[in-house]
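Chains as they are written, first to last, in our numbering: chain A, 1 to 367; chain B, 368 to 475; chain C, 476 to 860.
Quick reminder that beta carbons are idealized off the backbone N, C-alpha and C, glycines included.
Heads up: the structure comes next, in structure tokens.
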Amino acid sequence: MINIELLVIGGGPAGLSAGIAAGKCGVKTIVVDENPLPGGQLFKQIHKFFGSKEHKAGTRGYKIGEQLLNEVDQDGVEVYLNTRVWGIFDNNIVGILKDGKTQKVKAQKIILATGASENAIAFKGSTLPGIMTAGAAQTFINVHRVLPGKKILMIGTGNVGLITSYQLMQAGAEVVGVVEASQNVGGYDVHANKLRRAGIPIYLGHTVIEAKGDIEVDGAIIAPVDEKFKVDKSKSFLIDCDTICFAVGLTPRIELAQMVNAPIIYMSTLGGYLPIHDNRLKITEDIFIAGDISGVEEASTAMEEGSLAGVAVAMELGKLDKNKGVKEIEEIYKRLAKLRSGQFGSKRASAKEEIIKKQMEMKGGFK
Amino acid sequence: MRIKHHPILGEITEKKIVVIYVDGKKIEAIEGEPIAAALLAAGIRIFRKTIKTAEPRGLYCGIGQCNDCIMEVNGVSNVRTCVTLVEDGMVVKTQVGKGKGGDLDDKY
Amino acid sequence: MNKKVDVIVIGAGVVGGAIAYYLTKKGKSVIILDQDEAASGASGGNNGQISIIDREPGIELDWAKESMKLYKEYEEIDEFETDLELTGGISLFYNEDEIRIGREVIKKYNEIGYHCEILIGEDIKKQEPYINTEIVKGAAYCKEEGKLNPFSITLGFIDNAVEKGSKLFNKTKVLDFKVKDNLIQEVITNKGSFYAEKVVVATGAWTRDLMSKLDLDYKIFYGRGSLMVTNPVEACIKGPIVPGCFTIGTLYEGDWNLLGLTQHKNGTITIGQDTRSFNDYNKGISYEGTVHLAKLFSEHFPELINLDIIRVWSAITPHVADSLPIYGFSGKYHNLFVAAGLKGAFTIAPAAGKMAADMILEDTYDHRVEEYSPARFEKGEKYEN
């Protein structure tokens, strides 16, 4: 059995930041990740991040990943790769699968940084080979450097859809269009304009109603939808494509939180069901969450949340002076407030507040 | 199709080439890449056929979450090809229906 | 106020479901209550096996025989799938002593027309080609055993009853009873009170707690069994496999080297073990239990170790002190019928449920069930008839 002070589950931006924050305070920490490479989805982000300098704005995602890995290394945090967590049991016992063998880890504190999974939509033919999530396309072009197809139709104009479309183009694919059911572009205009300048049509108020093809995709039928999302099939038309990507939002991965019976809440602004947490991201007596599992946001917020959870754990373990810790958390919240501002951010900010309020109302505190 | 030149990531670096066999066909793969990447590079997009209706499926989430890309690899069924790395001489087969439990096919 | 119905059935498992199904068929108005959901207890958490040679010859085997016919009827008449397959099943023995007792035990089944034999060594592989005969030295084979789909059956009963006008109330926990003149007048729940002419208790492992609200102390205890399920694979395990100690009665408390498994129609294999942790309603699973179960399976089936375990759970199952079901009208409360502790309920629930419905409506009485009467746990109380 491995005895450890802190086990962080998930080695993406949130998990690594949590490991770094705790590690800096001298908390003995292990970060586990099921992938052969750490960094979560950072390594497929080859674009420059937005925001202010303290959020590593202007740095490309994969570079941020490299920086985090360096820091983790310096702070003496161990990272177990190819390691799957298969269960959390009573008394903070965690079952991990590493090198084909199961091992028992007993951790004083646990941080869940399991991220999110991509959503799908269904239409006739939507399971054909050649239809995949935008994240899959992004991983394959930017990490594995293989094109998933030649002519790509993107569904969804959130930042993921816009950025991935642009990156597919950079990688040499032809993006034949971006389809968006609502009447407005979902993501930042900067990203949309880059596509428009490249001559890629953005079909606002449209949806895919069918994917053509017997054994693989060879086309898509799209049709206009009105404000109430009613489809007008009479005006449908065929788009020639061999690949369709879904960029239709993400859902927090909360299985492990459910396994420890953490109370769950539904928050549409944050991607759906997620664990109720307090203002230090705590969900049960010894378990914390950080990143997309606590609500789908961005890599920059995930990193701040990771630091927050790491600091909170260090304080609880007595490795960080209380006053100092409180101050650090205040600073993190100031930075988070900046990230959670503006048209989209402010909605997330109030959703986050609602969750914390809910936690305070819960009787009996933590289990 | 492999992305040899990339405006941001630069040229593809020299990597060791290995060989894998997909439904009996020999294809080249780059050491350390997932099986699914080698298949896409070779233009193969159908990885399996579903249990009930034998519909084709291929790469979907690309990060090991969805299990849509499972194939039979070196005799083992239900292997997620998007997160399983290639090895020289690997034998990969389209998975038709349920995977195999064991090797005693003649018994059933 | 809820309208008074003919019968309230407490417990939406296979036993309560079967009873509600037959009562509804006979035109009665039925309300089914469950503290959680249909098939959320032992009925949804088991291996779905038909077991014969762990039962004493008598009414249970008659029920078993009739139930197999009834399952066929459900498929034909009500169109709910049972996935019933009489594949034959084996009970595992690990040493000469167990095999010797096993030989004795199967004699009595052969005498009454069952097809049983003891398989030794490599012969076991005729039934289960992947079994490791280094560990498993012998097995009792019974041709009349098999497997079925517990979810489909339990839900089939309940959906049918609901379709024909009965009502199911999920997440409805019985808090108390109101009694007058030795009759239950009112069933008080977290969702209000319910009223009926008769009340059926089919609450399995929870029966003792529930009956304590009526000042009755039924000696029905419970244990936790852990199970896991693999992803679907081609057929590699033919019939149900159960621990031999259930058949030969060598089970002792604390033994957790028990392995039972079934491969289902959809290709998944459920692997289960009775963890023998008694008197604990905790449905959680433990690291040790899960790993142990996986280890047991891989020792028994070394060629199948590449199967992926996709889910693990536990189920609470009842054990009656004298190993007999508790089945019949209460001696104390004249409108209370109990059907609990029916071991391996899927083998007998259709016929036992059908008979229970008849008994509840006072259409029939079979003297063979007398020894199952709940009255045996109501001694000390004044028995009025």
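With which residues is C/ASP651 paired in a DSSP beta bridge?
Along the third sequence, read from residue 1 onward, the residue named residue 651 of chain C stands at position 176. Answer is C/ILE663, bridged to C/ASP651.
Neighbour-count burial assignment, A/LEU238, 16 or more Cβ in a 10 Å radius
The residue you call residue 238 of chain A lines up with position 238 of the first sequence. With fewer than 16 Cβ atoms within 10 Å of its Cβ, A/LEU238 is classed as exposed.
Which residues in chain F have a C-beta closer than 7 angstroms to the C-beta of B/GLN462? List them in chain order.
Protein chains in the displayed structure are A, B and C, and chain F is not among them.
C/ALA815 vs C/TYR802 beta-carbon contact at 9 angstroms
If you number the third sequence from 1, residue 815 of chain C lands on position 340. If you number the third sequence from 1, residue 802 of chain C lands on position 327. Closer than 9 angstroms, so yes.
At the 9 angstroms Cβ level, is C/ILE776 part of the contact set with chain B, yes or no?
For this step, residue 776 of chain C is matched to residue 301 along the third sequence. For clarity, residue 776 of chain C is Phe in the given sequence; the question names Ile instead. Closer than 9 angstroms to some Cβ of chain B, the Cβ of C/PHE776 qualifies, so yes.
Going along the chain, which residues of its own chain have a beta-carbon closer than 7 angstroms to the beta-carbon of B/LYS474, five neighbours each way excluded?
Counted from its first residue, the second sequence places residue 474 of chain B at position 107. For B/LYS474, the pLDDT reaches just 44, beneath the cut-off of 50, and the residue's location in the model is therefore unreliable, although a value from the coordinates is still provided. For B/LYS474, where only same-chain residues beyond five positions count, there are no Cβ hits under 7 angstroms.
Taking the C-alpha atoms as reference points, what is the distance between A/LEU339 and A/LEU16?
To locate residue 339 of chain A, count along the first sequence from 1; it is residue 339. To locate residue 16 of chain A, count along the first sequence from 1; it is residue 16. Distance between the alpha carbons of A/LEU339 and A/LEU16 is about 19 angstroms.
6 angstroms Cβ shell around A/GLY325 - same chain, five flanking residues per side excluded:
By 1-based counting over the first sequence, the position of residue 325 of chain A is 325. Answer for A/GLY325: VAL311 and MET315, listed in chain order.
I'd like to know whether the C-beta of B/ILE413 is nearer than 9 angstroms to at least one C-beta of chain A.
Locating residue 413 of chain B in the second sequence gives position 46, counting from the first residue. By this cut-off, B/ILE413 is an interface position.
Beta-carbon separation (whole angstroms), A/PRO252 vs B/LEU452, contact threshold 8 angstroms:
Position 252 of the first sequence, counting from 1, holds the residue named residue 252 of chain A. Position 85 of the second sequence, counting from 1, holds the residue named residue 452 of chain B. So it is not a contact: roughly 28 angstroms between Cβ atoms.
Going along chain A in order, which residues have a C-beta closer than 8 angstroms to the C-beta of B/ILE402?
On the second sequence, position 35 is the one that residue 402 of chain B refers to. Within 8 angstroms Cβ-Cβ: nothing; B/ILE402 doesn't reach chain A, min ~11 angstroms.
Under 9 angstroms between C-beta atoms, does B/GLY469 make it to chain A?
The residue you call residue 469 of chain B lines up with position 102 of the second sequence. It does not; no Cβ of chain A falls within 9 angstroms.
Go ahead and pull the three-state DSSP assignment for A/ALA136.
For the purposes of this step, residue 136 of chain A is identified with residue 136 of the first sequence, where counting begins at 1. Helix.
Cα-Cα separation between C/PHE776 and A/GLU227, rounded to whole angstroms
What you label residue 776 of chain C is simply residue 301 of the third sequence in a count that begins at 1. What you label residue 227 of chain A is simply residue 227 of the first sequence in a count that begins at 1. Rounded to whole angstroms, C/PHE776 to A/GLU227 spans 58 angstroms at the Cα level.
Inter-residue CB distance, C/ASP553 and C/GLY640 (contact presumed, cutoff 8 angstroms):
As a working mapping, residue 553 of chain C is identified with position 78 in the third sequence. As a working mapping, residue 640 of chain C is identified with position 165 in the third sequence. Between C/GLY640 and C/ASP553 the Cβ distance is about 15 angstroms, and since that is not below 8 angstroms, they are no contact.
What residues in the region 90-116 of chain A bring their beta carbon closer than 9 angstroms to a beta carbon of chain C?
ASP90, ILE93, VAL94, GLY95, THR102 and LYS104
Relative to the alpha-carbon of C/LYS818, which residue among C/LEU811, C/ALA680 and C/GLN510 has its alpha-carbon at the smallest distance?
Indexing the third sequence from 1 puts residue 818 of chain C at position 343. Comparing Cα-Cα distances from C/LYS818 to each of C/LEU811, C/ALA680 and C/GLN510, the minimum goes to C/ALA680.
Sub-9 angstroms separation of A/CYS241 and A/GLY345 beta-carbons:
What you label residue 241 of chain A is simply residue 241 of the first sequence in a count that begins at 1. What you label residue 345 of chain A is simply residue 345 of the first sequence in a count that begins at 1. Here A/CYS241 is not near A/GLY345, since their CB atoms are 9 angstroms or more apart.
Quick check: what's the CA-CA separation for B/CYS436 versus C/GLY488?
For the purposes of this step, residue 436 of chain B is taken as residue 69 along the second sequence, with counting starting at 1. For the purposes of this step, residue 488 of chain C is taken as residue 13 along the third sequence, with counting starting at 1. Their Cα atoms are separated by approximately 37 angstroms.
Can the beta-carbon of A/LEU336 be found less than 9 angstroms from the beta-carbon of A/ALA21?
On the first sequence, position 336 is the one that residue 336 of chain A refers to. On the first sequence, position 21 is the one that residue 21 of chain A refers to. Cβ atoms of A/LEU336 and A/ALA21: not closer than 9 angstroms.
Which runs of the alpha helix (DSSP H) at least 4 residues long sit entirely within the region 487-524 of chain C? Give them in chain order.
489-500
Using C-beta distances below 8 angstroms, list every residue in its chain close to B/LYS382, excluding the 5 sequence neighbours before and after it, in chain order.
Within the second sequence, numbered from 1, the residue matching residue 382 of chain B stands at position 15. Only ILE397, GLU398 and GLY399 meet the Cβ criterion.
Buried or exposed: C/ASN732, going by 16 or more other Cβ atoms within 10 Å of its Cβ?
Stepping through the third sequence from its first residue, residue 732 of chain C is reached at position 257. The residue is exposed, with fewer than 16 neighbouring Cβ atoms inside 10 Å.
Does the distance from the CB of A/VAL94 to the CB of A/LYS106 come in under 9 angstroms?
Here the question's residue 94 of chain A lines up with position 94 in the first sequence. Here the question's residue 106 of chain A lines up with position 106 in the first sequence. Contact: yes.
Measure the alpha-carbon distance for A/GLY61 versus B/VAL446 and round it to whole angstroms.
In the first sequence, the residue the question calls residue 61 of chain A occupies position 61. In the second sequence, the residue the question calls residue 446 of chain B occupies position 79. Cα to Cα, the separation comes out at about 29 angstroms.
Spell out a yes or no on whether the region 79-87 of chain A and the region 174-189 of chain A are touching, meaning 3 or more CB-CB pairs, one atom from each, closer than 8 angstroms.
No, the region 79-87 of chain A does not touch the region 174-189 of chain A.
Let me make sure I understand the geometry here. Which of C/VAL708, C/ASN757 and C/GLY724 has the alpha-carbon closest to that of B/ILE418?
Within the second sequence, numbered from 1, the residue matching residue 418 of chain B stands at position 51. Per the Cα distances, C/VAL708.
Would you please verify whether the beta carbon of C/VAL480 is less than 9 angstroms from any beta carbon of chain B?
Mapped onto the third sequence, residue 480 of chain C falls at position 5. No, because no Cβ of chain B sits closer than 9 angstroms to the Cβ of C/VAL480.
Taking contact to mean at least 3 C-beta pairs separated by less than 8 angstroms, is the region 824-839 of chain C in contact with the region 493-509 of chain C?
Look at the beta carbons and you see the region 824-839 of chain C touching the region 493-509 of chain C: at least three pairs across the two are nearer than 8 angstroms.
Proximal residues to A/MET303 (C-beta, below 7 angstroms), its chain only, five neighbours per side dropped
Here residue 303 of chain A is taken as the residue at index 303 of the first sequence, counted from 1. Same-chain partners within the cutoff: PRO13, ALA14 and SER17.
On the DSSP letters alone, give me the boundaries of the alpha helix (DSSP H) that C/ASN635 sits inside.
If you number the third sequence from 1, residue 635 of chain C lands on position 160. Looking at the DSSP string, the run of the alpha helix (DSSP H) that includes C/ASN635 is 625-638.
Exposed or buried, what is B/THR448 when buried is set at 16 or more other beta-carbons lying within 10 Å of its beta-carbon?
Residue mapping note: residue 448 of chain B aligns to position 81 of the second sequence, counting from 1. By the 10 Å Cβ count, B/THR448 comes out buried.
Using a C-beta to C-beta distance shorter than 9 angstroms, which residues of chain A count as neighbours of C/SER761?
Mapped onto the third sequence, residue 761 of chain C falls at position 286. What C/SER761 touches in chain A: PHE89, ASP90 and ILE93.
Do you know how far the Cα of C/ALA769 is from the Cα of C/ARG575?
Taking the third sequence and counting its residues from 1, the one referred to as residue 575 of chain C is at position 100. Taking the third sequence and counting its residues from 1, the one referred to as residue 769 of chain C is at position 294. The straight-line gap from Cα to Cα measures roughly 29 angstroms.
If we ignore side chains and look at the alpha-carbon of each, how far apart do C/LEU567 and C/ALA614 end up?
Along the third sequence, one-based indexing puts residue 567 of chain C at 92. Along the third sequence, one-based indexing puts residue 614 of chain C at 139. Cα to Cα, C/LEU567 sits roughly 5 angstroms from C/ALA614.
Contact defined as beta carbons within less than 8 angstroms: I believe A/PRO148 pairs with B/ILE413. What is the distance between those atoms, to the nearest angstrom?
What you label residue 148 of chain A is simply residue 148 of the first sequence in a count that begins at 1. What you label residue 413 of chain B is simply residue 46 of the second sequence in a count that begins at 1. With a Cβ gap of about 13 angstroms, A/PRO148 and B/ILE413 do not count as contacting.
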